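In my numbering, the protein residues as written are 38 to 268.
All C-beta atoms in this analysis are idealised placements derived from N, C-alpha and C, irrespective of residue type, glycine included.
Because the structure is a prediction, the values reported are computed rather than measured.
All remarks here apply to the structure that follows.
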Amino acid sequence: MEEAARTLSALGEWGSFYVIVGSSGAALTGLQFVVMALIADSRRVSTGREISAFGTPTVIHFCAVLLVSAIVSAPWHSLSSVALALGTCGFAGIAYGIIVIRRARQQTGYQPVFEDWLWHTVLPLIAYTLVLIAASLLPSHSRQPLFVVALAVLLLLFIGIHNAWDTITFFAINESQARKKSEDQKIDKEGSPSDRDPAGADSPSSCRERTIYFGNQSLRVRSQSTRYLGA
Numbered sequence: 038m039e040e041a042a043r044t045l046s047a048l049g050e051w052g053s054f055y056v057i058v059g060s061s062g063a064a065l066t067g068l069q070f071v072v073m074a075l076i077a078d079s080r081r082v083s084t085g086r087e088i089s090a091f092g093t094p095t096v097i098h099f100c101a102v103l104l105v106s107a108i109v110s111a112p113w114h115s116l117s118s119v120a121l122a123l124g125t126c127g128f129a130g131i132a133y134g135i136i137v138i139r140r141a142r143q144q145t146g147y148q149p150v151f152e153d154w155l156w157h158t159v160l161p162l163i164a165y166t167l168v169l170i171a172a173s174l175l176p177s178h179s180r181q182p183l184f185v186v187a188l189a190v191l192l193l194l195f196i197g198i199h200n201a202w203d204t205i206t207f208f209a210i211n212e213s214q215a216r217k218k219s220e221d222q223k224i225d226k227e228g229s230p231s232d233r234d235p236a237g238a239d240s241p242s243s244c245r246e247r248t249i250y251f252g253n254q255s256l257r258v259r260s261q262s263t264r265y266l267g268a
């Protein structure tokens, strides 16, 4: 009974925090659906490996935030049970982070830069490692490990927001450049409008006939006049 009271006291102080963080993670999951819609409408062809390496992990991070918030907000009777649940989440997150690294190396449609490796692999691994470490310390230290879990959850939330925004800006810029390149190629192929005759003439020259009279005789003369189009 005393342990249950201590558990409820330790977790109850975090109730408002995890209500805010958990609802934010659930709401921001919809942002990734917007990203996927932009990818589908983009002219750039994306493979399943690219999406698995740089798209799906963002949804996983948001879901992890929601899951941890639900675990901490549940009415547990012992901190050991909370630690076991959080430790499982941390271990699963680390394993998934290793899978993401392998997928990022295997895909060939995009060459990751340092920022991509940092936000898509390094920082998520740090966040899930913090959750695992905090879970191992939670049964003996009821207060400090909960701050570490809160830090890891916020880090995952910011990672998801950054990665979703980074993907949106990448495809928006790529689509704008592709559209401009297509328009330039179309203009080069058809020529400038000023190079065409606005009157619709097929040829810049036209012919006409004149009749010249010499006494009782007449002579038909065909002359050619040339039109030049100025600016």
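Pick from I138, G62, S46 and R140 that is closest to G197, judged by C-alpha positions: Position 160 of the sequence shown holds residue 197. Nearest C-alpha to G197: G62.
Min CB distance W51 to chain B below 8 Å: Of the chains in the structure shown, none is chain B; there is only one protein chain.
Segment contact, 8 Å Cβ cut-off, at least three pairs: the region 83-101 with the region 215-228: no
Inter-stretch contact (C-beta, 8 Å, three-pair minimum) for the region 144-156 and the region 167-182: no
Between the CA atoms of S213 and L162 - distance to the nearest angstrom: Position 125 of the sequence shown holds residue 162. Position 176 of the sequence shown holds residue 213. Rounded to the nearest angstrom, the two C-alpha atoms are 34 Å apart.
E137 vs T158 beta-carbon contact at 8 Å: Taking the sequence shown and counting its residues from 1, the one referred to as residue 137 is at position 100. Taking the sequence shown and counting its residues from 1, the one referred to as residue 158 is at position 121. Note that residue 137 is Val in the sequence shown, not Glu. Judged by their CB atoms, V137 and T158 are nearer to each other than the 8 Å cut-off.
Distance between beta carbons of T166 and G127, contact taken as under 8 Å: Position 90 of the sequence shown, counted from the first residue, corresponds to residue 127. Position 129 of the sequence shown, counted from the first residue, corresponds to residue 166. 7 Å between Cβ atoms; contact.
Segment contact, 8 Å Cβ cut-off, at least three pairs: the region 108-122 with the region 65-75: The region 65-75 and the region 108-122 do not touch, with fewer than three beta-carbon pairs separated by less than 8 Å.
Burial state of F184 (16 or more Cβ within 10 Å): The sequence position of residue 184 within the sequence shown is 147, counting from 1. The residue in question, F184, is exposed, as its Cβ has fewer than 16 Cβ neighbours within 10 Å.
Cβ distance (whole Å) where A101 is taken to contact G130 below 8 Å: Taking the sequence shown and counting its residues from 1, one reaches residue 101 at position 64. Taking the sequence shown and counting its residues from 1, one reaches residue 130 at position 93. The C-beta distance from A101 to G130 rounds to 6 Å, short enough to meet the 8 Å contact threshold.
Nearest-angstrom Cα separation, counted from L193 out to V96: For this step, residue 96 is matched to residue 59 along the sequence shown. For this step, residue 193 is matched to residue 156 along the sequence shown. Going from the Cα of V96 to the Cα of L193 covers about 11 Å.
Reduced DSSP secondary structure (H/G/I, E/B, other) of W156: By 1-based counting over the sequence shown, the position of residue 156 is 119. In the structure shown, W156 sits in a helix (DSSP, three-state: H, G or I).
Buried versus exposed call for L45 [16 or more other C-beta atoms within 10 Å across all chains shown]: As a first step, residue 45 is located in the sequence shown; it is residue number 8 there, counting from the start. When all chains shown are included, L45 counts as exposed.
Residue environment, V58, which counts as buried when at least 16 other CB atoms sit within 10 Å: Position 21 of the sequence shown, counting from 1, holds the residue named residue 58. By the neighbour-count rule (16 or more Cβ atoms within 10 Å), V58 is buried.
Residue burial classification, S240 (beta-carbon count within 10 angstroms, cutoff 16): For this step, residue 240 is matched to residue 203 along the sequence shown. In this prediction, S240 scores a pLDDT of 48, lower than 50, which makes its location untrustworthy; the coordinate-derived value is nonetheless stated afterwards. Flag for S240 reads exposed.
Span separating the alpha-carbon of R180 from that of V168: Stepping through the sequence shown from its first residue, residue 180 is reached at position 143. Stepping through the sequence shown from its first residue, residue 168 is reached at position 131. Spanning the two alpha carbons is a distance of roughly 14 Å.
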